[in-house]
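Quick note: the sequence shown uses full-length UniProt numbering, first residue 1, plus one each step.
Cβ coordinates follow ideal geometry from the N, Cα and C atoms, glycine included.
Down below is the structure, laid out as C-alpha cells.
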Amino acid sequence: MLNVKKILLGVVCLVVITVIIVGGKYLISVRHYQKTIKELTT
Numbered sequence: 001m002l003n004v005k006k007i008l009l010g011v012v013c014l015v016v017i018t019v020i021i022v023g024g025k026y027l028i029s030v031r032h033y034q035k036t037i038k039e040l041t042t
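Put into C-alpha cells, the structure is as follows:
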C-alpha cells in the first residue's frame, strides 16, 4: 500500500509540475500576443 501511495504522489507531482510549466509558457505567449496586438492597433 505504501509503494502505491508513493507512486501516486510521484505521478501527481509530475502532473502539477507539467501543468505549471505549460501554463506559464501559455501565459507568457498570451501576454506577448496581447502586446503585439496593442502595438498594431495603436
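Alpha carbon to alpha carbon, how far is residue j from residue i? Give it in angstroms, no decimals.
i             : j            : result
threonine 36  : valine 30    : 10 angstroms
isoleucine 21 : histidine 32 : 17 angstroms
leucine 2     : valine 16    : 21 angstroms
leucine 27    : leucine 14   : 20 angstroms
threonine 41  : valine 4     : 55 angstroms
valine 19     : lysine 25    : 10 angstroms
lysine 38     : glycine 23   : 22 angstroms
With residue i as the anchor, note down where its alpha helix (DSSP H) starts and where it stops.
i            : result
threonine 41 : 2-41
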